[in-house]
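So for the sequence shown, the working numbering puts the first residue at 588; every next one is plus one.
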Amino acid sequence: MDTSDYLDVFLDESDEHLQSINHHLLELEQNPENPDIVHDIFRSAHTLKGMAGTMAFHDIAALTHQMENVFDQIRNQELDVTEDVMDVMFLAVQSLEDMVEAIRDGGDGSMDVRELVSQLKQIETGDFQPPEPERHAG
């Protein structure tokens, strides 16, 4: 297998895992107490993290690592599924999808994920404060 074959496998499997995460996040919103859903999300994030690390897509690996930490807490019943948690998770998945698409388009998949990683760390430590909605002068 040459490098492009590995990249094709990475892209195909990333798409599958991101679809799975998205699907299970939607299920989790409706059924936040279901441990099977949380386990499926954790497993997909873990696999995506490993693949990204192997392919040296560091921003994808960093973001999925922090998502994995949050879902580990949820799965261990140390953290509740809240609207704020879900909002950040959906933003994280959108960023992952954007990075995978950039790789597909020939880019390196780099993205500044520091803010999202920081928000996920804050969720993990219980220090998360959702950003205030922007107010427009009227």
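Glycine is no exception: its CB is placed at the ideal position from the N, C-alpha and C atoms.
Computed from a prediction, not measured in an experiment: that's the story for all the values here.
Problem set entry | CA-to-CA distance, D599 to D592, given in whole angstroms | Between D592 and D599, the C-alpha separation is close to 11 Å.
Problem set entry | CB contact flag (L561, L703, <8 Å) | Residue 561 lies beyond the range of the chain shown here (588 to 725); nothing can be said about it.
Exercise. To the nearest angstrom, how far is it from the Cα of Q706 to the Cα of I628?
Worked result: 18 Å
For this session: Kindly indicate which three-state DSSP category V672 falls into: helix, strand or coil?
Result: helix
Problem set entry | Cβ-Cβ distance between L612 and M698 below 8 Å | With a cutoff of 8 Å on beta-carbon distance, L612 and M698 are scored as not near each other.
Exercise. Contact between the stretch 614-628 and the stretch 708-715: three or more CB pairs below 8 Å?
Worked result: Counting Cβ pairs under 8 Å, fewer than three are found: no touch.
Problem set entry | Inter-residue spacing [alpha-carbon to alpha-carbon] between I710 and H633 | 18 Å
Exercise. Going straight from the alpha carbon of Q617 to that of E688, what length do you get?
Worked result: 28 Å
Problem set entry | Separation of I661 from D671, as counted between CA atoms | C-alpha separation (whole angstroms): 14 Å.
Exercise. Using DSSP with H/G/I as helix, E/B as strand and the rest coil, what is L605?
Worked result: helix
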